[in-house]
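Asks:
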Amino acid sequence: MKRIKGIQEAQERNFNPFLEDLGRKLAREMEDVLNQEEALWFQKARCYWIKDGNRNTRYYYTKATIPRRRNKIHMLKNDDGVWSEDPKVIKETIVTFFKKLFEEDKQERNVLEASCNWPRLDSNDWDKINLPFTVEEITAASQEVGKYLGAHLIHGRHSKQKFKSAATQAP
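The numbering used here puts the sequence shown at residues 1067 to 1237.
#1: Tell me the rounded alpha-carbon separation between ARG1069 and ASP1146.
#2: Among the residues of its own chain, which have a CB less than 6 Å from the CB of ALA1076, if the five just before and after it don't count?
#3: For a test of the three-state rule: what should DSSP assign to ALA1217, helix, strand or coil?
#4: Does GLN1162 pass the burial test, meaning 16 or more other C-beta atoms within 10 Å, or should it be called exposed?
#5: Per DSSP, which one or two residues make a beta bridge with TRP1149?
#6: Is LEU1208 helix, strand or coil by DSSP?
#7: Could you tell me the boundaries of the alpha helix (DSSP H) in which ARG1069 lies?
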């Protein structure tokens, strides 16, 4: 929608045949999407009708489209307590709410002064930390985490050859 609106605004300033064709193409695509959405809701209603065996299609169409209506914001109360139905005002209210929510507080925060003396690592410890991973370490880690990576690793569907080549290429 925004692209079509932008193209129309650009066309008002000066004519461009490329933008004219692009606008027509986008309008056709939007019409197709709207038709597909309408067909989807009709099919959902039809599925309910077939499943329940009742011919009250209006009831099933309403039943299928209720979630679509439930997922929209029709009215919103702003910070002043005023209700608004205007989509621009609703959008602005939501944006300002989240900006206020995530903006940083201007208050000074207390600094925690802790006198902790953490031990320092010597060069031998740093050398051990910076060693590259071995194939054995990679294999052991992948077996431990396998259940979290999905069924393709658990049931052996993942190519062992690909795993071995990946393990040997690890730095």
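The beta-carbon is built from N, C-alpha and C at its ideal position, and this holds for glycine as well.
Owing to the predicted nature of the structure, the values given are computational and were not obtained by experimental measurement.
Replies: For this structure:
#1: 33 Å
#2: LEU1085
#3: Low per-residue confidence applies at ALA1217: pLDDT is 46, beneath 50, and the placement is therefore not dependable, though the value from the model is reported in the following sentence. Reduced to three states, the DSSP call for ALA1217 is helix.
#4: For clarity, residue 1162 is Thr in the given sequence; the question names Gln instead. Burial call: exposed.
#5: LYS1143
#6: The sequence shown places Ser at residue 1208, not Leu. Correct three-state label for SER1208: helix.
#7: 1068-1079
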